[in-house]
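Read through the structure below, which is laid out as structure tokens, and then see the notes.
Numbering (my numbering), first residue to last: 1 to 360.
This is the structure in structure tokens:
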């Protein structure tokens, strides 16, 4: 370092500069001399090691790939297939031509619908992919194809006893009945299922907070929390309007208008129930029994031939709703979208068959 003396003028300028900086520091720190910050412990780094996975973790993860209803259907199908294999000495998986042909023949003898046989066989084939070491040979695939074709020919004349479909007149009669439980609101629950094309579980699960009324266009938004076709479980919304449109007043007289009937219900129960309360205070079993009684009572006086009368269950809500929409001139595409079906074939082949006005 140089031994040269610092000039007095330079030293004075340095002293004044240091004093000025100290004043600025005191101003910023509120008059307190800043203390030296304590050294902090270094932040622990997140481990980059991959977590261990147990067999139960894998099982739970794979279970989430299918909806609960899909899992029940799959388990039921595989149970029947394994039962056939056990009776005839076949290994379950991977499938063989002999095990599949035997299973198809068993389903055919049982007298199931062709669509059901085809559906069950497809589920077993999909399950076998998890076990197969090599694909079936062309000869084996041909044996299975011929067995399915034979089942189709043997079962093609078998008619399925479908759920009944109500006409407007019959629906009007149903709305005037009282179910065995004495719960008149269960009649409104049935009408809600018809007009919104809801399934029984969806109707029972509805809560007050799931209804949103829009008075400007007389529309009711019904939030369905979880449904058979909602694989992601995010929920879906169905919009129902007043049957008389914007011309109606707040006191629509139509017995079919669930917009106004649910609006009145909401107003009457606003003080006694919360948003999280169930919309219809009933159980799945009770509503199912009440609907069966209501439909049977209406169909008892029907002039339709007995061969055209099918099962009298809650599924008549969606069948009746589809029929009424088609009679109103609504396209199959619009009905399929409204009812949350993937395509129009389900609507045409399953919901519009075997009722008055349409040949099977």
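Glycine is no exception: its CB is placed at the ideal position from the N, C-alpha and C atoms.
| Asked | Found |
| --- | --- |
| The region 195-210 / the region 276-296 touching (three or more Cβ pairs under 8 angstroms) | yes |
| As assigned by DSSP and simplified to three states, the class of residue 164 | coil |
| For residue 237, the nearest candidate out of 61, 104, 351, 213 (CA to CA) | 213 |
| Distance, residue 167 Cα to residue 338 Cα | 20 angstroms |
| Residue 320 to residue 83 span [Cα, whole Å] | 37 angstroms |
| Cβ contact check for the region 184-197 and the region 255-263: 3 or more pairs under 8 angstroms | yes |
| Burial state of residue 133, where buried means 16 or more other Cβ atoms lie within 10 Å | exposed |
| Limits of the unbroken beta strand (DSSP E) element including residue 241 | 236-241 |
| Element boundaries [beta strand (DSSP E), containing residue 198] | Taken as a continuous stretch (DSSP letters only), residue 198 belongs to no beta strand (DSSP E), as it is neither H nor E. |
| Distance CB(residue 200)-CB(residue 211) smaller than 8 angstroms | no |
| Beta-carbon contacts of residue 165 that lie in its chain and below 7 angstroms, excluding the five residues immediately before and after | 316, 319, 320, 323, 355 |
| Three-way DSSP call (helix, strand, coil) for residue 211 in this model | strand |
| Cβ-based burial, residue 28 [other Cβ within 10 Å; buried from 16] | Caution is warranted here: a pLDDT of 49 is assigned to residue 28, below 50, making its placement in the model unreliable, and the coordinate value is therefore given only provisionally. Residue 28 comes out exposed. |
| Residue span of the alpha helix (DSSP H) that contains residue 221, given as start and end | Segment 219-224 is the beta strand (DSSP E) holding residue 221; no alpha helix (DSSP H) there. |
| Residue 266 - DSSP class collapsed to helix/strand/coil | helix |
| Proximal residues to residue 268 (C-beta, below 7 angstroms), its chain only, five neighbours per side dropped | none |
| Residue 67 versus residue 92 - alpha carbon distance | 24 angstroms |
| 8 angstroms Cβ cutoff met for residue 102 and residue 118 | no |
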